[in-house]
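> Starting off with a structure, shown below.
Residue numbers (our numbering): 1083 to 1845.
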């Protein structure tokens, strides 16, 4: 027991000695250091290696900083001590700093405080210059305005204008629209839209008396009632403070003169030219008011003439003729004739004066030089949709001092010069101010020709001449297009085969086949150009060139047809002495004559090539006769040659010693040439009738005959010719033999190779 106790005492003494020794050694290194095994003093890291040790040394929300032989504590970023010390060495609590109290974000930004920090976000409608959602350094990042109006083109929706503001935007409805929220501005198109404001709910307040209000989307317009006209002469208005509706009778002053007529006409034409939609009711109503006022101005000016005589004046827009006499000097049963440059009127003086007692009896004729180009051609009493109307004369107004002109005992006679070459049904019409359209009631055509149309009417008004053309239905138009495409394609194939036949068949080589070759080439090019270019009217210059080439090529066809007639005449009349046309003369006439005709036509009237509908010669001006006239002459001359040729053939057949073979050949040539003349000639006869009448039947006949010209020529000159048929048979036989020979050659080759293989293999 003693020994054990002694050992324990020894261990305790040794442990105590070690501790004392260690303390002694530590004290020898100093605070913040400790001695290692080799008795070297090194720095002691009081902060430790983990955050928990650091927090245990300094406190929460702190950072411990070790130094050589010591340490110190600081609050983490965004925190501060209660005393405000930056550094400390004893455990201290650090509390959060509210950085937002010092406005660290700058203008147009919102500061949000966080534990140990803060963040800045731009206000609504603004974005940071760096593009980031949040930031903390206002020196590097600021908030700029977003232009919603440019960045979002549809920010306000339909019928609204966008105005950008600082940090936002405002939407304002366009004039004529109101916001559904009832406010002047908005910025949420989903909740608020702009709807049409019906200004016409209180029409009298908006437009004034004697007017009608027409509401449109986003706007409205006021028009004067029948018998009234706006004070400023405009067809419509949108503010009664600018103008008002007044009675037509009050518009014309009692002191009206010829100068007043001119001033009113100038102002009215200026108003008419401003209207874009010339098919609108508004426009036609303005026309009615204008014509009625022109009549009133003219008659009032006639009553104010100091010298009761004939007055005639002309401006750029109109021509006015007035004849006035005293009522007590009116000739019994006399008639007065008034004439302008293009139109005239004959009316009885009893009709002019009427039954009312005026000091002056006057008649006036007003010709409008430009009104026909801006007025429509709609007919109020034409229920047919099969016709297309066109105004082909100047518009005239016939006016007299007699106020009762609704039903005249003696009709008024009017003569119009036709501004366009008419090829349809002509109608004499007057302007019906109630229907705001033309009408034929009470008017009839007495006579018409290419230049003039004479009309008689049982009432007075404003008159003109309309031409009614038969429109082709869409279904008929499609059928005609199919017929043309298929027929001309077939013709082109036949013409191509005919050209190859005339060139390659040596047995039929002659002057006649040379003529046929050039005829087919000309017709082939004409038909091809007709197929691909007749309707290409978009480019006016290109269309004119196409029309010119078609004119030339079709004339060339007739020129070569004439040469064939001349050649047959020489063959028969010259008693078979081999007289024939020389090639150089044929080429000179066949291609030179059409060139001369087209050249003269182009120089004389180049605008005649190309129309709005087709790339062909203009029909309205009569320019188409630059083609039809030479064609008619060629047909007549050729017919004369054929009559002489047939007569001489009959004479030859009746002679004592006729050369029957030669005569039969020439007879066949003659009959095919006559058939060809009839074919080409009849084609353009039908064409002329189609252009003149414009009927569906003529359209079908012309289209079918014109499309199959090449096929008919192939039948006449190739299939009906025995020599050509023999050549075709030889050609097909040779082709069949070549195919058989090719098959036999292939069979022989394969048989030989098979035999050779058998010999080599021994099998």
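Just so it is clear, CB atoms sit at the ideal spot from N, CA and C, and this is done for glycine as well.
Just mark residue 1690 as buried or exposed, buried being the case when its beta carbon has 16 or more other beta carbons within 10 Å.
In the chain shown, residue 1690 corresponds to position 608, counting from 1. By the 10 Å Cβ count, residue 1690 comes out buried.
> Can you tell me which of 1250, 1382, 1443 and 1403 puts its alpha carbon nearest to the alpha carbon of residue 1409?
Here the question's residue 1409 lines up with position 327 in the chain shown. Looking at the Cα atoms, 1443 is the closest of the given residues.
> Going by CA-CA distance only, name the one from 1199, 1529, 1171 and 1174 that's closest to residue 1184.
As a first step, residue 1184 is located in the chain shown; it is residue number 102 there, counting from the start. Cα-wise, what sits closest to residue 1184 is 1199.
> Take the Cβ of residue 1140 as the centre, count every other Cβ of all protein chains shown within 10 Å, and call the residue buried at 16 or more, exposed below.
Sequence index remark: in the chain shown, residue 1140 carries index 58 (1-based). Its Cβ being crowded by 16 or more others within 10 Å, residue 1140 is buried.
> Going by the CB atoms, is the gap between residue 1381 and residue 1446 shorter than 9 Å?
Stepping through the chain shown from its first residue, residue 1446 is reached at position 364. Stepping through the chain shown from its first residue, residue 1381 is reached at position 299. Contact flag set, yes.
> So within the region 1152-1216, which uninterrupted beta strand (DSSP E) runs reach at least 3 residues, ignoring any that extend past its ends?
1152-1157, 1161-1163, 1176-1178, 1191-1196, 1199-1204 and 1208-1210
> With distance defined between alpha-carbon atoms, name the residue in 1705, 1126, 1173 and 1641 nearest to residue 1134.
Taking the first residue of the chain shown as 1, we reach residue 1134 at position 52. Among 1705, 1126, 1173 and 1641, the Cα nearest to that of residue 1134 belongs to 1173.
> List the endpoints of the continuous beta strand (DSSP E) containing residue 1447.
On the chain shown, residue 1447 is found 365 positions in, with the first residue counted as 1. Here the beta strand (DSSP E) through residue 1447 covers 1442-1450.
> From residue 1241 to residue 1283, what does the alpha carbon distance come to, in whole angstroms?
Stepping through the chain shown from its first residue, residue 1241 is reached at position 159. Stepping through the chain shown from its first residue, residue 1283 is reached at position 201. The C-alpha of residue 1283 is placed about 21 Å away from the C-alpha of residue 1241.
> Report the three-state DSSP secondary structure of residue 1125 (helix, strand or coil).
Here residue 1125 refers to the residue found at position 43 when the chain shown is read from its first residue. In this structure, residue 1125 counts as strand in the three-state DSSP scheme.
> Check the C-beta distance from residue 1148 over to residue 1176 and give it rounded, since I have them as a contact under 8 Å.
Counted from its first residue, the chain shown places residue 1148 at position 66. Counted from its first residue, the chain shown places residue 1176 at position 94. Residue 1148 to residue 1176, Cβ: 18 Å. No contact.
> Among 1424, 1321, 1295 and 1415, which has the Cα closest to the Cα of residue 1364?
The residue you call residue 1364 lines up with position 282 of the chain shown. Comparing C-alpha distances from residue 1364 to each of 1424, 1321, 1295 and 1415 shows the shortest one belongs to 1295.
> If you reduce the DSSP assignment to three classes, tell me which class residue 1349 lands in.
Taking the first residue of the chain shown as 1, we reach residue 1349 at position 267. In the structure shown, residue 1349 sits in a helix (DSSP, three-state: H, G or I).
> Below 8 Å CB to CB, which residues in the same chain sit around residue 1465 once its five sequence neighbours on both sides are set aside?
In the chain shown, the residue the question calls residue 1465 occupies position 383. Its pLDDT being 48, under 50, residue 1465 is placed unreliably by the model, and nothing is read from it.
> According to the neighbour-count rule (16 or more other Cβ atoms, all chains shown, within 10 Å of its Cβ), is residue 1772 buried or exposed?
Here residue 1772 refers to the residue found at position 690 of the chain shown. Because the pLDDT at residue 1772 is just 49, under 50, the model does not fix this residue reliably, and the value given afterwards should be weighed accordingly. Using a 10 angstroms sphere on the CB of residue 1772, the tally of other CB atoms reaches 16 or more, which defines it as buried.
> Give me the DSSP bridge partner(s) of residue 1293.
By 1-based counting over the chain shown, the position of residue 1293 is 211. Residue 1293 is bridged to 1306.
> Could you check whether the region 1531-1551 touches the region 1567-1579, counting it as contact only if at least three pairs of C-beta atoms, one from each stretch, sit closer than 8 Å?
no
> Could you tell me the alpha carbon to alpha carbon distance between residue 1371 and residue 1243, rounded to whole angstroms?
Position 289 of the chain shown, counting from 1, holds the residue named residue 1371. Position 161 of the chain shown, counting from 1, holds the residue named residue 1243. Answer to the nearest angstrom: the Cα atoms are 39 Å apart.
> Of the residues 1547, 1351 and 1299, which one's Cα is nearest the Cα of residue 1398?
Here residue 1398 refers to the residue found at position 316 when the chain shown is read from its first residue. The option with the nearest alpha carbon to residue 1398 is 1351.
> Which class does residue 1218 belong to by DSSP, given the choice of helix, strand or coil?
Taking the first residue of the chain shown as 1, we reach residue 1218 at position 136. It is coil, neither helix nor strand.
> I need the boundaries of the beta strand (DSSP E) containing residue 1513, first residue and last residue.
Indexing the chain shown from 1 puts residue 1513 at position 431. Residues 1507-1514.
> Does DSSP put residue 1546 in a helix, in a strand, or in coil?
Within the chain shown, residue 1546 is the residue found at index 464, counting from 1. Residue 1546 falls in the strand class under three-state DSSP.
> Apart from the five residues on each side of it in sequence, which residues of its chain come closer than 8 Å, Cβ to Cβ, to residue 1162?
For the purposes of this step, residue 1162 is taken as residue 80 along the chain shown, with counting starting at 1. Closer than 8 Å at the Cβ level, and outside the excluded window around residue 1162, lie 1176, 1177 and 1179.
> Cβ atoms of residue 1368 and residue 1354: under 9 Å apart, would you say?
Against the chain shown, residue 1354 aligns to sequence position 272. Against the chain shown, residue 1368 aligns to sequence position 286. Yes, the Cβ-Cβ distance between residue 1354 and residue 1368 is below 9 Å.
> Going by the DSSP bridge assignment, what does residue 1494 pair with across the sheet?
Taking the chain shown and counting its residues from 1, the one referred to as residue 1494 is at position 412. Answer by DSSP bridge pairing, in chain order: 1539.
> Comparing alpha-carbon positions, which option in 1201, 1248, 1584 and 1522 lies nearest residue 1800?
Position 718 of the chain shown holds residue 1800. For the residues 1201, 1248, 1584 and 1522, the minimum Cα distance to residue 1800 belongs to 1584.
> Just how far apart, CA to CA, sit residue 1612 and residue 1478?
Position 530 of the chain shown, counting from 1, holds the residue named residue 1612. Position 396 of the chain shown, counting from 1, holds the residue named residue 1478. Residue 1612 and residue 1478: Cα-Cα distance of roughly 41 Å.
> Going by other Cβ atoms of all chains shown within 10 Å of its Cβ, with 16 needed for buried, is residue 1127 buried or exposed?
Counting from one through the chain shown, the residue named residue 1127 turns up at place 45. Exposed: under 16 other Cβ atoms inside 10 Å.
> Residue 1225 and residue 1205: beta carbons closer than 9 Å?
Translated into positions along the chain shown, residue 1225 becomes position 143. Translated into positions along the chain shown, residue 1205 becomes position 123. Yes. Within cutoff.
> Starting from residue 1419 and walking both ways along the beta strand (DSSP E), at which residues does that stretch end?
Translated into positions along the chain shown, residue 1419 becomes position 337. Element bounds for residue 1419: 1417-1421.
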